[in-house]
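Numbering (the working numbering), first residue to last: 11 to 305.
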Amino acid sequence: MRTYPALDITFTDAADDDRSAFVLAAVDDCGPIAAEEHAMGMRVFFESDEARDAARPIVQAAFPAATITAEAVPDEDWAERSQASLRPVRVGRFVVSPPWAVDEARTMADDGADDPDPAWLLVIQPSMGFGTGHHQSTRLCLRLLQQRGCTDADVLDIGTGSAVLAIAARRLGARRVVAVDVDRDALTSAAENVELNQVDEVVLDVADITQGAAPLLARHDSPAGFDRVFANITGAMLQRHAAAVAATVASGGLLITSGFQTHERDDVAAAFGAVGFTPIEQGEEDTWMAIAFGR
Numbered sequence: 011m012r013t014y015p016a017l018d019i020t021f022t023d024a025a026d027d028d029r030s031a032f033v034l035a036a037v038d039d040c041g042p043i044a045a046e047e048h049a050m051g052m053r054v055f056f057e058s059d060e061a062r063d064a065a066r067p068i069v070q071a072a073f074p075a076a077t078i079t080a081e082a083v084p085d086e087d088w089a090e091r092s093q094a095s096l097r098p099v100r101v102g103r104f105v106v107s108p109p110w111a112v113d114e115a116r117t118m119a120d121d122g123a124d125d126p127d128p129a130w131l132l133v134i135q136p137s138m139g140f141g142t143g144h145h146q147s148t149r150l151c152l153r154l155l156q157q158r159g160c161t162d163a164d165v166l167d168i169g170t171g172s173a174v175l176a177i178a179a180r181r182l183g184a185r186r187v188v189a190v191d192v193d194r195d196a197l198t199s200a201a202e203n204v205e206l207n208q209v210d211e212v213v214l215d216v217a218d219i220t221q222g223a224a225p226l227l228a229r230h231d232s233p234a235g236f237d238r239v240f241a242n243i244t245g246a247m248l249q250r251h252a253a254a255v256a257a258t259v260a261s262g263g264l265l266i267t268s269g270f271q272t273h274e275r276d277d278v279a280a281a282f283g284a285v286g287f288t289p290i291e292q293g294e295e296d297t298w299m300a301i302a303f304g305r
């Protein structure tokens, strides 16, 4: 069974809404792949033991009073914990559901119609990848996608995780969706969800946007870029790699960014403004944000 290296961080002071985002930004160079909050703090997951061990002193220096424990968490354990708490969630017209709650989700789909449209039901198996639809950043992206549409569009999903955004785009009429991630295990999960939702024209690929856009565009025969691009990653990555992300967007295309918090909004907007993008719409939920940019 696959295990994920993780740091369990227990804070001793009062809760702070910005603390989780600060931790993720601090360890961004170590490549965190997921995070979950709990009553006393949070758990951050990494691709390797080495990345986890490199992140530990960084977090300890930022929070000297915190108790930080290195762990190896079985993926199955995470899914079992999720099963106890995850229920279907409505996002616009979409209803995102884990497989064990599909019957409940069907009663919510299409405003409770007697014969709900299955296109609005997204069934996502929880795993360590982001994107179950229960995180604010995913919901924000789904809302902006529905508002802006993607009929007949070529779509790129950077950091696809569970592929929930890719599946939603195809359901909304995208001509083709390319969904990429650096984590092969995330793509395994994504493939399962694509099959579970019976969608076609979703291409899954291992790709690292931090290495530039050119190899990705060439591999998928998209030299002019994509009509719609999702980048639901982190604020730090968006700022650092804005030029590479921007290069994937076709002229006249739309870029939907999320994965960052409200205090990062101006920095993210400035990073994309510097490469020719203009904010045209934004969404906010709790302390999380998404911005849609045009070029």
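Glycine residues also receive a C-beta, built at the ideal position from the N, C-alpha and C atoms.
For residue i, does the three-state DSSP call read helix, strand or coil?
{"i": "S199", "result": "helix"}
{"i": "P108", "result": "coil"}
{"i": "D125", "result": "Because the pLDDT at D125 is just 49, under 50, the model does not fix this residue reliably, and the value given afterwards should be weighed accordingly. The answer is coil: DSSP assigns D125 none of H, G, I, E or B."}
{"i": "L132", "result": "strand"}
{"i": "D210", "result": "coil"}
{"i": "A76", "result": "coil"}
{"i": "V99", "result": "strand"}
{"i": "M247", "result": "helix"}
{"i": "A279", "result": "helix"}
{"i": "S137", "result": "coil"}
{"i": "D237", "result": "strand"}
{"i": "T220", "result": "helix"}
{"i": "G286", "result": "coil"}
{"i": "R29", "result": "helix"}
{"i": "S172", "result": "coil"}
{"i": "H273", "result": "helix"}
{"i": "L182", "result": "coil"}
Any idea if residue i is buried or exposed, counting beta-carbon neighbours within 10 angstroms, 16 or more meaning buried?
{"i": "Q221", "result": "exposed"}
{"i": "D191", "result": "buried"}
{"i": "D125", "result": "Residue confidence is low: D125 scores 49 on pLDDT, short of 50, so the model does not pin down where it sits. Its coordinate-derived value is still stated next. D125 is exposed by the Cβ-count criterion."}
{"i": "A189", "result": "buried"}
{"i": "T22", "result": "exposed"}
{"i": "R62", "result": "buried"}
{"i": "P237", "result": "Checking the displayed sequence, the identity of residue 237 turns out to be Asp instead of Pro. When all chains shown are included, D237 counts as buried."}
{"i": "R180", "result": "buried"}
{"i": "V216", "result": "exposed"}
{"i": "E274", "result": "buried"}
{"i": "P67", "result": "exposed"}
{"i": "D164", "result": "buried"}
{"i": "G269", "result": "buried"}
{"i": "S261", "result": "exposed"}
{"i": "T244", "result": "buried"}
{"i": "G293", "result": "buried"}
{"i": "A241", "result": "buried"}
{"i": "T79", "result": "exposed"}
Opposite residue i in the DSSP bridges: which residues?
{"i": "P42", "result": "F56"}
{"i": "P84", "result": "T13"}
{"i": "V188", "result": "L166 and V213"}
{"i": "S268", "result": "N242 and A300"}
{"i": "G159", "result": "None; G159 has no bridge partner."}
{"i": "V259", "result": "F236"}
{"i": "I19", "result": "M52 and I78"}
{"i": "E294", "result": "M299"}
{"i": "Q47", "result": "Looking at the sequence provided, one finds Glu at residue 47 rather than Gln. According to DSSP, which records beta bridges pairwise, E47 is partnered with M52."}
Excluding the 5 residues flanking residue i on each side, which residues of the same chain have their C-beta closer than 7 Å to its C-beta?
{"i": "G183", "result": "C160, T161 and D162"}
{"i": "A178", "result": "F104, L132, L152 and L155"}
{"i": "V112", "result": "V133"}
Less than 6 Å between C-beta atoms, sequence neighbours within five positions excluded: which residues of the same chain meet that for residue i?
{"i": "L265", "result": "V239, V259 and F303"}
{"i": "A64", "result": "C40"}
{"i": "A35", "result": "A246"}
{"i": "A322", "result": "Here the chain comprises residues numbered 11 to 305, so residue 322 is not present and cannot be evaluated."}
{"i": "D59", "result": "P15"}
{"i": "L166", "result": "V188, F236, V239 and T258"}
{"i": "E291", "result": "A302"}
Using a Cβ-Cβ cutoff of less than 8 Å, which residues in the same chain neighbour residue i once the five nearest sequence positions on both sides are dropped?
{"i": "G76", "result": "Note that residue 76 is Ala in the sequence shown here, rather than Gly. So the list reads I19, T20, F21, T22, G51, V69 and Q70, once near-sequence residues are dropped."}
{"i": "A200", "result": "G139, T170, G171, S172, A173, A176, A189, D191 and L214"}
| For the segment 228-238 against the segment 202-212, are there 3 or more C-beta pairs whose distance is under 8 Å? | no
| field | Stretch pair the segment 45-57 + the segment 95-110: three plus CB contacts closer than 8 Å | value | no
| Stretch pair the segment 249-265 + the segment 273-282: three plus CB contacts closer than 8 Å | yes
| Any chance the segment 144-155 sits against the segment 193-200, with 3 or more Cβ pairs inside 8 Å? | no
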